[in-house]
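Heads up: the sequence shown begins at 10 in the numbering used here, then just goes up one per residue. Note that beta-carbon positions come from the ideal geometry of N, C-alpha and C, so glycine has one too. The structure displayed is predicted, hence computed values, not measured ones. To start, the structure under review is shown below, and the notes come after it.
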Amino acid sequence: MTYTVTFQGTSSLPVANSGGAYRIWSYKVEGSNTEIVTGRRMTMAFPGSVTVVDPSAYPGVDALNGTLVWRSPDGARQYVAARASAAGSVVIAFVATAQTSSGLVQLFKATPGNDLVEVQYQAIPDGGEAGPSQRLVMPAAGAPAFTGQPVYNFAGALPYDSELFGVYQPLSGWVGATAGLSAKPIYPPSSDIGNLTFANFRGSDALTLSQPGLKALADRYSAGAGGALSPVGLVNLFREYFFEFDSFLGAPSGHIWVSPGGTVEVVESSTRRTLVEKVVEQSEEVSRKSEESLTDQTDVSDAVKEENTNDTKLGVSATGGVNAKIYHADASLSFSTQNTVKRGGETTHKRARTQTSKVTSEIKRNFKTTFRTVTETTDTSSRRYVLQNTTPELVNYEMRRKMRKVGIQLQHVGTRLCWQIHLMDPGRELGLGDMVHVVPAPDLNSIQKPEKIPDPASKEVPYHFEISFKHDQGPDDEAEETYQPEPGNDCRGLHDTPDFLPGKDDIIQFCFSKPLPPVPEGYSFSKVHSLDKHGAQVEFAPFTVDTSTNPHTLNVKMTYANFQGRKSLPFDVTLLYEPTQEAKDKVKALNDATQAEYQKEVDRLQHEAYGQAVRERLRLISSMRLRSSEDLRNEERRCVFRKLIKQLPEGIYPTPNNNTPYLEAQEIQKFFDVDEMLYFVAPDFWRAGAVNAPMPSAQSTGRYPVRAIPQPAPGVTLPPLAGQTVAGWYTRADSYAPPSGAATSQEEWRVDYLISEETVPAPLGSSLGWLIQIDADERRNEFLNAAWAKVVLPVRPGQEQTALAWLKKVEGEAGLGKTYTKQLDDPDDYQGKTVGQVLDLLATQLRSLAQEKFDTTLAADKVFENGFDPLAGGFRPAEPYQIFDQWVEVLPTDQVVAVSVKYDPKTGQQL
């Protein structure tokens, strides 16, 4: 009979305060009663790197009675032996490190005269052929090294926090009508793919992809984008648990020497540093990862939750009232839940380990301690330490920070079948926040308003002249007669005598020319404005002025005159002069010049005031309180679901002209958990458009240019709040000199975004010309600018089969009749089945799990019942509802401990 060796496991040491660093390892060696007789010593030889504790250190442990431990002279082997207390078997037990490993182990028996005789044996349960050495589970090499207590000491500790998330994997094989028809527009109408219709996705030719258009579609996209063509996928949900372990002292953060009899007061000033660095990551849904918010956390669970909320690589779903963050994994060719859980576990392991390591590093950098040695305490809010040396020797104190250990475990908690569909331009219907900000009018009191020079006024110039009595004939030498114009000559005045006698009529001069004074500069004569006769009995014909002479001449013609015995009559007239057009233009030019200077100053102040207003707007925008991420995600889900409803075929969901679709809506909600809908958005660079898009120019403005202050046109009323609102981050075009050595000297134009020294760093996408919502997070901004969204609707547990039947009406049956390619670790039931049959088997399996929900719920929640269960090896392939990953993170605290240390003055090493 061949010897067999069975590893019976490890057990804790039944010794008080022994901890969990070391455990009792037990192996059972079996053979025939003649091979293993009572009292025979059997020996196992482990590699020399394995450290086994001398059993004499544990005298009260019965399992170690009779155990012998020694090393080979060269140290290459570690021997452990025990004697059989009964024939046929012997148990070899010893104490070694609790950490596990595997390696080749030899088996020896003792014979009379020969202590070690190598024998062949089989390892149980691995079996295989017998040999002189077999690979067995054994203690890890070396002595255990722990910072603080080993994790085994915390078995049973309940988690203080948890985080739910998942991994989504499309299932390739089914060619959906929604995704397939979306590729149709880029192909010529005469091509096979360009001729596809929804009807082509149904029928026998569609099942086997024999229809030419479907065959061309599958050949074109199945290899590289098969997951995108498929309308179904699986979401595996995982939960991350956080356990509080022990604390320990970290590396020294300061040294203080205290002289004999001396006292030193140390003031610890603990400050928190806030980072403003933002890391841009490309993602499938809105892209934000903010280091700034992470540094505000002092616990790894809070930091992980914060990053999951801000990480734009995640789809978000409300699972049982809890936001579950969903990662997107590669498409799976296997429909097996076992395979998808394993792949999802690998993705989760990589993601969670990287994530917690990063946030732990951020938390470590978040703490900064400065020590100051002072003689008088002035900062009462600081933490004070008094170090007193009462010894006659110089004492060195190390100030060491207290560190926390947090254990993290990952567990699979469920699998859901999902429907996936793609939607173009998902954020087009979302409205943006429009901040009301009134631009104050500039203070113009510092500018003196110019006084307007009045236009030149009309001038009235008085003019005095006299008309002499110029008697030509007749007896009226005394100027007493009345004269009227002589017939035929109105420039002569005639006094007619009663008896006509030649030469007896009196005749005087009636017309006179009077030179006028010089015309005032800048004026021209207008008219005789008034006349003062001074009581003279004289009438005049309308005055005329001859302006062709220099000076001007006033032409006076009397029409009636009686000098009343006077030889001369005085008269006064007022001459009216009007300003010339040249004088008016000169005054207008002067007024325009002074007004232009004034307006220039006004414009300068208004420009400065508006610039200050833009700065203030930028400051307000950058400090705008963000809306709740839950509300934003809820709006996005509603917007996405609205678009999804519009894309459903008319026979599945009524058109807007039909009645309200109560029944159809209830049917969709029966099959799919609408509240748990999640989505992944494609980056904006996938948006369809011209490959050679025009470069920015002086006419480019960006998505939200700086608006000018609106000025209403005559008779036009401005809209309410015109120019008093801000809806985005300002952009403008600016030019730059070409790089040195460039082939062209033409300046470069770019669409820039505006910042100031008071603004926080601009949001992600500002340099890319994105549309920015000022009161939203970067997830929303990427959603607004996304090319399309992949929408994933989880099927309600227990509705998998009916949901598949409904999906066949919506997405067709293309590809479901093709033979399923069995993958490694797939169930044997999948062999020889079609893709549709395997989907039915998968739906049946998921439905059975839903019917056994009580058992699966218990498995998923066993951590809260049993507490922390150390995972041997730290990682294993993920199994449904099992914990599969474990690690420990170290976090700093705000506490510092003073530790007295000594150093060797010769070597400088710590004693």
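Less than 7 Å between C-beta atoms, sequence neighbours within five positions excluded: which residues of the same chain meet that for residue i?
| i | result |
| --- | --- |
| Val331 | Confidence is the limiting factor: at Val331 the pLDDT is only 40, short of 50, which leaves the residue's position unreliable and the question unanswerable from this model. |
| Arg211 | Gly821, Glu822 |
| Pro23 | Val70 |
| Gln493 | Gly502, Leu503, Tyr569 |
Any idea which residues DSSP pairs residue i with across the strands?
| i | result |
| --- | --- |
| Pro901 | Met412 |
| Trp758 | Ser744 |
| Pro148 | Thr109 |
| Val495 | Checking the sequence, you will find Glu at residue 495 rather than Val. Glu495 is bridged to Asn498. |
| Asn245 | Val176, Thr424 |
| Met704 | The partner list for Met704 (beta bridge, DSSP) is empty, contrary to what the question assumes. |
| Ser181 | Ser181 is not bridged to any residue. |
| Asn405 | Trp266, Val910 |
| Leu218 | Answer by DSSP bridge pairing: none, since Leu218 is not bridged. |
| Ile718 | Answer is none; Ile718 lacks a bridge partner. |
| Phe580 | Phe474 |
Using C-beta distances below 6 Å, list every residue in its chain close to residue i, excluding the 5 sequence neighbours before and after it, in chain order.
| i | result |
| --- | --- |
| Ile677 | none |
| Gln840 | Lys831 |
| His500 | Correcting the residue identity first, residue 500 is Cys in this sequence and not His. Cβ within range, chain order: Phe519, Cys520. |
| Ser142 | Leu113, Gln115 |
| Pro221 | Asp201 |
| Glu487 | Gly574 |
Quick check: what's the CA-CA separation for residue i versus residue j?
| i | j | result |
| --- | --- | --- |
| Gly883 | Lys37 | 26 Å |
| Ala90 | Gly69 | 19 Å |
| Leu900 | Val395 | 26 Å |
| Glu822 | Gly845 | 8 Å |
| Asn790 | Ala225 | 37 Å |
| Ala25 | Leu243 | 49 Å |
| Gln420 | Leu793 | 34 Å |
| Glu39 | Phe16 | 12 Å |
| Leu238 | Gln87 | 59 Å |
| Pro168 | Lys411 | 21 Å |
| Glu274 | Gln918 | 27 Å |
| Gln291 | Asp784 | Low per-residue confidence applies at Gln291: pLDDT is 34, beneath 50, and the placement is therefore not dependable, though the value from the model is reported in the following sentence. Spanning the two alpha carbons is a distance of roughly 22 Å. |
| Ser467 | Asp594 | 15 Å |
| Gly826 | Ser231 | 15 Å |
| Leu777 | Glu767 | 22 Å |
| Leu525 | Glu610 | 48 Å |
| Asp6 | Tyr177 | Any property of residue 6 remains undetermined from this structure, which presents the chain solely from 10 to 920. |
| Ser35 | Ile892 | 25 Å |
| Leu780 | Arg788 | 12 Å |
With a threshold of 16 other CB atoms inside 10 Å of the CB of residue i, please say whether the residue is buried or exposed.
| i | result |
| --- | --- |
| Asp640 | exposed |
| Val906 | exposed |
| Phe163 | buried |
| Asp786 | buried |
| Val725 | exposed |
| Trp266 | exposed |
| Asp515 | buried |
| His473 | exposed |
| Gly423 | buried |
| Ala215 | buried |
| Asn42 | exposed |
| Asn398 | buried |
| Asp837 | exposed |
| Ala812 | buried |
| Trp428 | buried |
| Asn74 | exposed |
Got a sec? Which residues, its chain only, sit under 8 Å from residue i by beta carbon, not counting five neighbours each side?
| i | result |
| --- | --- |
| Ala622 | His446, Val448, Pro449 |
| Phe549 | Leu540, Val565, Lys566, Met567, Thr568 |
Within 8 Å (strictly less), CB to CB, does residue i reach chain B?
| i | result |
| --- | --- |
| Leu243 | Any reference to chain B falls outside this structure, which holds one protein chain only. |
Inspect the CB distances between the segment 558–568 and the segment 585–605 and report whether three or more fall short of 8 Å. no
Taking 8 Å as the threshold, find out whether the segment 435–450 comes into contact with the segment 615–623 through three or more Cβ pairs. yes
Evaluate the contact criterion for the segment 252–264 versus the segment 889–896: three or more CB pairs, one atom per stretch, below 8 Å. no
Any 3 or more C-beta pairs closer than 8 Å across the segment 749–764 and the segment 702–720: yes
Report yes or no: do the segment 768–775 and the segment 407–421 share at least 3 C-beta pairs separated by less than 8 Å? no
For the structure I just gave you, are there three or more beta carbon pairs, one from the segment 52–64 and one from the segment 89–107, closer than 8 Å? yes
Between the segment 486–498 and the segment 638–658, are three or more C-beta pairs nearer than 8 Å? no
Touching or not, the segment 680–687 and the segment 800–816, by the rule of three or more beta carbon pairs under 8 Å? yes
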